[in-house]
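**Student:** Residue numbers (the numbering used here), protein chains in the order written: chain A, 139 to 561; chain B, 27 to 339; chain C, 6 to 189. Idealized CB from N, CA, C, for every residue including glycine.
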Amino acid sequence: MKLLIKNGRVIDPRNQIDGQLDIQIEKGTVSQVGSDLEAGDAEVFDAAGKLVTPGLIDVHVHLRDPGLEYKEDIASGTLSAVAGGFTAVACMPNTQPVNDNLAVTRYIQEKAKEVGHCRVYPIAAITRGLKGESLTEMGELTEAGVPGFSDDGRPVESGAVMRRALEYSRPFGAAVISHAEELSLVGDGVMNEGFVATELGLKGIPWAAEDAMIARDVMLAELTGGHLHVAHISTRGGVEIVRQAKKRGVKVTCEATPHHFVLTDEAVRGYNTNAKMNPPLRSEQDRQAVRDGLADGTIDCIATDHAPHHFDEKNVEFNLAMNGIVGLETALPLTLRLVEEGVISLQRAVELLTCGPASALGLPGGHLATGAPGDVTIIDPDLEWTVELEKLKSKSKNSPFGGWNMRGAAVATIVGGRIVHTR
Amino acid sequence: MAFGHKHILGIEPLSREDIFTILDTAEGFKEINSRDIKKVPTLRGRTIINAFFENSTRTRLSFEIAGKRLSADTVNISSSGSSVAKGETLEDTARNIEAMRPDIIVMRHGASGAPHYLAERLDCSVVNAGDGAHEHPSQALLDLFTMREKKGRLEGLEVAIVGDISHSRVARSNLYALNRVGANVRLAGPGTMLPPEVDRLGARVCNRIEEAIEGADVVMMLRIQLERQAKGGPLLPSLREYSRFYGLNPDKLTLAKPDAIVMHPGPMNRGVEISSSVADGSRNVILDQVENGVAVRMALLYLVAGGESEDKD
Amino acid sequence: MSEQNTVILNSSGIERALTRIAHEILERNKGIDDLVLVGIRTGGDHLAAELARRIETIEGQGIELGAVDITMYRDDLGSRGSLPVGKTDILFSIDEKKVVLVDDVLFTGRTIRAAMDALMDLGRPRSIQLAVLIDRGHRELPIRPDYVGRNVPTAREEDIEVRFDQDNRAVEVRLIKQQGRGGN
Chain A
139 MKLLIKNGRV IDPRNQIDGQ LDIQIEKGTV SQVGSDLEAG DAEVFDAAGK
189 LVTPGLIDVH VHLRDPGLEY KEDIASGTLS AVAGGFTAVA CMPNTQPVND
239 NLAVTRYIQE KAKEVGHCRV YPIAAITRGL KGESLTEMGE LTEAGVPGFS
289 DDGRPVESGA VMRRALEYSR PFGAAVISHA EELSLVGDGV MNEGFVATEL
339 GLKGIPWAAE DAMIARDVML AELTGGHLHV AHISTRGGVE IVRQAKKRGV
389 KVTCEATPHH FVLTDEAVRG YNTNAKMNPP LRSEQDRQAV RDGLADGTID
439 CIATDHAPHH FDEKNVEFNL AMNGIVGLET ALPLTLRLVE EGVISLQRAV
489 ELLTCGPASA LGLPGGHLAT GAPGDVTIID PDLEWTVELE KLKSKSKNSP
539 FGGWNMRGAA VATIVGGRIV HTR
Chain B
27 MAFGHKHILG IEPLSREDIF TILDTAEGFK EINSRDIKKV PTLRGRTIIN
77 AFFENSTRTR LSFEIAGKRL SADTVNISSS GSSVAKGETL EDTARNIEAM
127 RPDIIVMRHG ASGAPHYLAE RLDCSVVNAG DGAHEHPSQA LLDLFTMREK
177 KGRLEGLEVA IVGDISHSRV ARSNLYALNR VGANVRLAGP GTMLPPEVDR
227 LGARVCNRIE EAIEGADVVM MLRIQLERQA KGGPLLPSLR EYSRFYGLNP
277 DKLTLAKPDA IVMHPGPMNR GVEISSSVAD GSRNVILDQV ENGVAVRMAL
327 LYLVAGGESE DKD
Chain C
6 MSEQNTVILN SSGIERALTR IAHEILERNK GIDDLVLVGI RTGGDHLAAE
56 LARRIETIEG QGIELGAVDI TMYRDDLGSR GSLPVGKTDI LFSIDEKKVV
106 LVDDVLFTGR TIRAAMDALM DLGRPRSIQL AVLIDRGHRE LPIRPDYVGR
156 NVPTAREEDI EVRFDQDNRA VEVRLIKQQG RGGN
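Following this line, the structure appears as structure tokens:
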């Protein structure tokens, strides 16, 4: 089966391509890139007026499978992913049971093959049971295809354990992903510490809680030579620590979420539980710093931290509500907004969603050279639409972007040469 | 006059005009409390449910008396701890209460924003009787009522609020209210009890209690919660030290204006935030606050009960 | 909204009516022993003050004067919203007193009902009499005035307005015919 994508504007930042080209995919991989390719017996997709990019990759999602399927499962989560233009996602291990062993990793991989709509890369836990004590079997897990390790949702509190994780994972080439917060500073905070928290009478989480942990982990990466990936960076200080570390040659990468570069803690007003997440929405200064980091290359990729929660888990008092929002179906237009606002170029936006995440976690894809996976996202950058929460493909509807007018959407998502989503 | 508020969720949504409407209405109700027959038929047939999800004696009592003096049927529900601890969500609890067709729910809850949550989901009026560390509007209004009664004015008053500002809904509501009516607020408290950027709520933040009290017309002492154990780290080395640096005693009170009044939302910790000689002294208006609380709460219940329909006069 | 006004009493007409009522009150009660005046806010309290002045002139002796606010006793909170609550100022005991309740316009009788309830909450008067400047009819309760300045037949949708000057002296009574508005 062959697929020929014709007449689109191909943007492939890794291969420095930006122009009108045709792409042919054969047996799941890119077989030809060029001008005016002959269709022959190939199915033709006319992408005139559209952007043709490598398939978008999200290195930070929660598919909630196994164990929490009432929030999301591998089928619904990956359906949400392809609807948002993503062809690959890396899913976090805080499931029930925790993905801290080969059996759970295999289960996710098998189920993704069976019912998934896109590629799924399971991230395994750094420590067994996310308890922060003993390491998971990182060698065997890496061998099975796990690209990185994370205790996401919790920091590795012990510096010694984090150090050993970075040392031990290093020879296997897997990243250790830091959920950076110093818990004693977080206390029982439920939103960013600052004026809004003061007004609302809600306990704050200071930026220092994140900065302190990023600083520790960067130092440990520098000490050990291990690869540190900082998840959902949200503070000015955190971005600056990573910037300086990169200058020193520390092997550190990081990601930022759309909500942290679009929203601030002002969104919490009215006790909106869909604006409750961890890290919390920060100040305007922090938001600006994240945008600067995206522009200057400090931040390697955009990741959604797609965190589905059931309605009942958000329909409670603010301090009791679960942290997190769904993000897969709004990430692309929110990223394109940065282009519209002049923060980054279109090429950089594509980079942050494709080769950026691919190289941060060493994943295949993220570009369109001959021989690359046949994962392509076709984007109409001008399509205007309104976010209707009920129409989200995710099982959960916990998004603060309901009712927002968006510009830009994936009109076709192609995984391994197969069109898995159109709109 | 049109009092267009169906709910009293806080002072923040109220205008200066609203605040004066409430205070003026309370003047009318205050007279009833000194009669032999302390009851008017104003809210006859109305049902008020006092839903207190957090311990409170005096606020609940005050609201209950206010409702009864207006001839409303008042019912109290007390439940310590969150409803979720019982396995029922706040929304379900509220819907069950609403199914009994109350006209007003007066609510005290440990979670900031809980009354807003209810107001969005229920048809009846919601009056916030204190939510978490957010607001305690009826307390601030009775404080203003008492200040106006004692000082003859509100505009230009110098008001010092001293104590645990971070955890105090009384402080927040007073900050909003005093700013709306043109009074000037000074705050003092331990560094661990001053929330970030609190000056932006309209206050001068002082390092020492002496600085806050100097030249003040009103000195409002907040209760130190002896039982509060913050997960975010220790707040005080000792109550002894607190009392020495932030407690009000006759010496410190001499810094205030000679006719300054001393207020406290109660219950007091004698010897901690306020010395017994000040607590029992002639300057304190603490019992006036309690008395005025009934009139102010009558005014709130009355205004909210009629707040939905437009004024035709 | 168009309106049509007719002056039905000017200031000298009001003067005469009040003077007559003052005499009638004294005659009927045989002087001012145990007699008190209570005006209903707002309007009735001003008229009660004027009656008190006249009685003092005639008798050469002052009479107790009070004002009652009936907002808290209204029966129409639901339909009218929360009207401003005024103060009730009755600084004397009404127990065993002959209370003359004073209002400007008697209409449905509901205001008088509320005022009587308010008085009963304050004590146990020996009797309550009612003095009004205008009786416009349309009673909804079995209430009848003892002293009337002027009977004015009206239509339900019409309004009676008693105007006071800055010294709270009644200067004019108008009948207002309006379209597009209900009665008061």
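Rounded C-beta distance between residue 396 of chain A and residue 501 of chain A? I'm assuming under 8 Å.
**Tutor:** The Cβ separation is near 20 Å, so there is no contact.
**Student:** Given that a residue counts as buried once 16 or more other Cβ atoms are within 10 Å of its Cβ, and exposed if not, what is residue 354 of chain A?
**Tutor:** Buried, because 16 or more other Cβ atoms sit within 10 Å of the Cβ of residue 354 of chain A.
**Student:** Mind checking if residue 328 of chain B is an interface residue toward chain A, Cβ cutoff 8 Å exclusive?
**Tutor:** So no, residue 328 of chain B is outside the interface.
**Student:** Within a Cβ cutoff of 8 Å, which residues of the same chain sit near residue 97 of chain C, ignoring the five residues on either side of it in sequence?
**Tutor:** 41, 69, 71.
**Student:** Do the segment 28–43 of chain C and the segment 99–115 of chain C make contact, defined as three or more Cβ pairs closer than 8 Å?
**Tutor:** They touch, by the three-pair rule.
**Student:** Determine the chain B residues that contact residue 121 of chain C at a beta-carbon separation under 9 Å, and present them in chain order.
**Tutor:** In chain order: nothing, as chain B lies at least about 12 Å away.
**Student:** Tell me the residue span of the beta strand (DSSP E) that contains residue 259 of chain A.
**Tutor:** 257–260 is the span of the beta strand (DSSP E), which, as asked, contains residue 259 of chain A.
**Student:** Looking at the C-beta of residue 65 of chain C, does it have a partner C-beta in chain B at a distance below 8 Å?
**Tutor:** Answer no: the Cβ-Cβ gap between residue 65 of chain C and chain B never drops below 8 Å.
**Student:** Could you tell me whether any Cβ in chain B is nearer than 8 Å to the Cβ of residue 74 of chain C?
**Tutor:** Yes - at least one Cβ of chain B is within 8 Å of the one on residue 74 of chain C.
**Student:** Grab the span of the alpha helix (DSSP H) containing residue 116 of chain C for me, first residue to last.
**Tutor:** Its alpha helix (DSSP H) spans residues 115–127.
**Student:** Specify the secondary structure class of residue 183 of chain B as computed by DSSP and reduced to three states.
**Tutor:** Coil at residue 183 of chain B, not helix or strand.
**Student:** Return the CA-CA distance between residue 23 of chain C and residue 151 of chain C, expressed in angstroms with no decimal places.
**Tutor:** Each residue's alpha carbon lies about 13 Å from the other.
**Student:** Quick check on the DSSP output: what are the complete alpha helix (DSSP H) runs of length 4 or more inside the segment 217–265 of chain A, in order along the chain?
**Tutor:** The qualifying runs are 240–253.
**Student:** Give the residues of chain B in contact with residue 322 of chain A, contact being defined as C-beta atoms less than 9 Å apart.
**Tutor:** The contacting residues are 257, 258, 259.
**Student:** Given a threshold of 16 other Cβ atoms within 10 Å of its Cβ, counted over all protein chains shown, does residue 319 of chain A qualify as buried or as exposed?
**Tutor:** It is buried - the Cβ of residue 319 of chain A has at least 16 other Cβ atoms within 10 Å.
**Student:** Determine the burial state of residue 268 of chain A: buried for a count of at least 16 other Cβ atoms within 10 Å of its Cβ, exposed for fewer.
**Tutor:** Label assigned to residue 268 of chain A: buried.
**Student:** What beta strand (DSSP E) runs, 3 residues minimum, are completely inside the segment 57–106 of chain C?
**Tutor:** List check, beta strand (DSSP E) in window: 69–73.
**Student:** Indicate whether residue 399 of chain A and residue 428 of chain A have their beta-carbon atoms separated by less than 8 Å.
**Tutor:** For residue 399 of chain A and residue 428 of chain A, yes; Cβs fall inside 8 Å.
**Student:** Taking DSSP as the reference, what is the three-state secondary structure of residue 467 of chain A?
**Tutor:** Coil.
**Student:** Would you say the segment 521–537 of chain A touches the segment 501–513 of chain A, given that touching needs at least three Cβ pairs under 8 Å?
**Tutor:** The answer is no - the segment 501–513 of chain A does not touch the segment 521–537 of chain A, with fewer than three Cβ pairs under 8 Å.
**Student:** Check each residue of the segment 83–98 of chain C: if its Cβ is closer than 9 Å to any Cβ of chain B, include it; give the result in chain order.
**Tutor:** Against chain B - using a Cβ distance shorter than 9 Å - the residues of the segment 83–98 of chain C are 83, 84, 85, 86, 87, 88, 89, 90, 91, 92, 93, 94.
**Student:** Classify residue 1 of chain C as buried or exposed, calling it buried when 16 or more other Cβ atoms lie within 10 Å of its own Cβ.
**Tutor:** Because residue 1 of chain C is not part of the residues shown, which for chain C are 6 to 189, the question remains open.
**Student:** Could you round the C-beta distance between residue 553 of chain A and residue 274 of chain A to whole angstroms and report it? I think they count as a contact, below 8 Å.
**Tutor:** The pair is not a contact, with the Cβ atoms about 29 Å apart (cut-off 8 Å).
**Student:** Across the segment 461–468 of chain A and the segment 477–493 of chain A, are there enough close Cβ pairs to call them in contact, namely three or more that are closer than 8 Å?
**Tutor:** The answer is no - the segment 477–493 of chain A does not touch the segment 461–468 of chain A, with fewer than three Cβ pairs under 8 Å.
**Student:** List the residues of chain B that residue 127 of chain C touches, going by C-beta distances under 9 Å, in chain order.
**Tutor:** What residue 127 of chain C touches in chain B: 61, 62, 63.
**Student:** Below 8 Å between beta carbons: does that hold for residue 158 of chain A and residue 204 of chain A?
**Tutor:** Not closer than 8 Å, so no.
**Student:** Going by DSSP, which residues form a beta bridge with residue 565 of chain A?
**Tutor:** One cannot answer for residue 565 of chain A here, as it falls past the ends of chain A, which runs 139 to 561.
**Student:** By the criterion of Cβ-Cβ separation under 7 Å, what are the contact partners of residue 53 of chain B in chain C?
**Tutor:** Under the 7 Å cutoff, chain C gives 92.
**Student:** If you follow the alpha helix (DSSP H) that residue 493 of chain A is in, where does it begin and where does it stop?
**Tutor:** 493–499 is the extent of the alpha helix (DSSP H) around residue 493 of chain A.
**Student:** To test your reading of the DSSP string, which unbroken beta strand (DSSP E) runs of 3 or more residues are found completely within the segment 94–129 of chain B?
**Tutor:** List check, beta strand (DSSP E) in window: 99–104.
**Student:** Fully enclosed by the segment 167–236 of chain B, which beta strand (DSSP E) runs are 3 residues long or longer?
**Tutor:** Segments of the beta strand (DSSP E) lying fully in the segment 167–236 of chain B: 184–188, 210–214, 230–232.
**Student:** What residues from chain B crowd round residue 78 of chain C, counting only those whose CB sits closer than 8 Å?
**Tutor:** Those are 66, 67, 68, listed as they occur along chain B.
**Student:** Going by beta-carbon coordinates alone, are residue 138 of chain B and residue 162 of chain B separated by less than 8 Å?
**Tutor:** No, they are not a contact pair.
**Student:** Might you give, ordered along the chain, the residues of its own chain that have their beta carbon closer than 6 Å to the beta carbon of residue 99 of chain B, omitting 5 neighbours on each side?
**Tutor:** Within the same chain, residue 99 of chain B has close Cβ partners 73.
**Student:** Given that residue 224 of chain B touches chain A, what residues does it touch there, using C-beta distances under 7 Å?
**Tutor:** Ordered by position in chain A, the residues that pass the 7 Å Cβ test against residue 224 of chain B are 336.
**Student:** List the residues of chain A whose Cβ lies closer than 7 Å to the Cβ of residue 117 of chain B, in chain order.
**Tutor:** In chain order: 453.
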